[in-house]
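Just so you know, we're using the working numbering here: the sequence shown kicks off at 57 and counts up by one.
All C-beta atoms in this analysis are idealised placements derived from N, C-alpha and C, irrespective of residue type, glycine included.
Quantities reported herein were computed from a predicted structural model and do not represent experimental measurements.
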Amino acid sequence: MRCLKFLLIALLLISSAACGESNSEYFDPGQPGLAGLAAETGQPVYFGLIDLRAPARENVTLISLSIPELSDAVEMAPFVLDRSLTKGGGIGAAREGEDTGIPNFKELLTPLEHYVITPGKEPVQVLVRITGGNNGIVNFARFMLTFAVAGGSPETEEFPQGGRVCYGPGLISCPEGAG
57 MRCLKFLLIA
67 LLLISSAACG
77 ESNSEYFDPG
87 QPGLAGLAAE
97 TGQPVYFGLI
107 DLRAPARENV
117 TLISLSIPEL
127 SDAVEMAPFV
137 LDRSLTKGGG
147 IGAAREGEDT
157 GIPNFKELLT
167 PLEHYVITPG
177 KEPVQVLVRI
187 TGGNNGIVNF
197 ARFMLTFAVA
207 GGSPETEEFP
217 QGGRVCYGPG
227 LISCPEGAG
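Encoded structure:
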């Protein structure tokens with residue numbers, strides 16, 4: 057009976073993570089936020105989503121980041137920026153090739169998958185690179201982060217930070233009322 061209960065709990069955790077549902081409250085999710093800008097069609101845009109630190113005395117391994125609202129036509133790649141390498145600096149939103157105020161910005165990015173946050177260090181900034189291949193608006197209001205604490209079972213937490221990109225030739229800003 058004990059094995060059956062464990063199996064059912066494990067199945068629930070796995071299915072909720074696969075369905076994009078939060079099953080964790082390990083991190084402080086922060087305040088809802090939405091950064092936005094305009095970009096040329098196909099130009100990658102970086103969004104700094106949230107700063108994280110290991111809140112306890114345990115390592116936290118980041119496993120994956122998903123954005124449920126994104127269509128298959130939009131490419132997404134998650135990264136981590138170790139803020140100890142930037143003297144505490146991070147970004148809100150920036151088009152690729154723009155000056156972010158952080159020297160060697162792209163070289164400081166580390167793929168999120170398997171990144172380990174260790175206790176007692178500067179926070180890391182979780183970022184995402186979005187690339188829209190078509191003219192139009194890409195919106196997302198939240199993201200899901202899957203991680204493991206101290207080598208334990210994967211947990212998924214929802215964060216209320218998002219982004220908006222208006223893609224089109226020669227756009228300087230998103231048109232009024234767009235999206």
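Rounded to a whole number of angstroms, what is the C-alpha to C-alpha distance between residue i and residue j?
i    : j    : result
G224 : P210 : 39 Å
I106 : E178 : 13 Å
L168 : L227 : 30 Å
F161 : L137 : 9 Å
I186 : A133 : 7 Å
A95  : V221 : 7 Å
V109 : P85  : The amino acid at residue 109 is misidentified as Val; the sequence shows Arg. Distance between the alpha carbons of R109 and P85: 12 Å.
I193 : S78  : 26 Å
G176 : Q87  : 23 Å
P111 : F83  : 7 Å
E214 : G89  : 13 Å
D128 : P100 : 15 Å
G153 : G208 : 39 Å
Cutting at 8 Å between CB atoms, please list the residues of its own chain near residue i, excluding the five before and the five after it.
i    : result
C75  : Because C75 carries a pLDDT of 46, less than 50, the predicted location of this residue cannot be relied on, and the following value inherits that uncertainty. Counting only Cβ-Cβ distances below 8 Å, and skipping sequence neighbours, we find nothing.
T97  : G188, G189, N190, N191, Y223, G224, P225
T156 : Y102, I147, A150
F92  : With the sequence shown as reference, residue 92 is identified as Gly, and Phe is not the correct amino acid for it. A149, G219, R220, V221, C222, C230, listed in sequence order.
L164 : L137, D138, L141, T142, I158
V180 : D107, L108, R109, V136, L137, D138, R139, Y171, I173
T166 : F135, V136, L137, D138
R198 : I123, P124, E125, E214, F215, P216, Q217, G218
Relative to the C-alpha of residue i, which candidate in the options has its C-alpha closest?
i    : options                : result
F196 : T212, P216, K143, G153 : P216
I119 : A204, N79, P100        : A204
T212 : L121, P100, Q99, P111  : L121
M200 : R113, V184, T166, K143 : V184
Considering only residues of the same chain and omitting the five flanking positions on each side of residue i, which have a CB-CB separation below 6 Å?
i    : result
G145 : I158
V172 : N115, T117
R113 : P175
G104 : G146, I147, G148, Q181, L183
Short of 7 Å in beta carbon distance, which residues of its chain neighbour residue i, apart from the five on each side in sequence? Order them along the chain.
i    : result
A206 : E114, N115
Whole runs of the beta strand (DSSP E) within the segment 105-145, excluding any shorter than 3 residues: 116-122, 130-138
Quick one: complete alpha helix (DSSP H) runs, 4+ long, within the segment 155-206? You should have 161-164.
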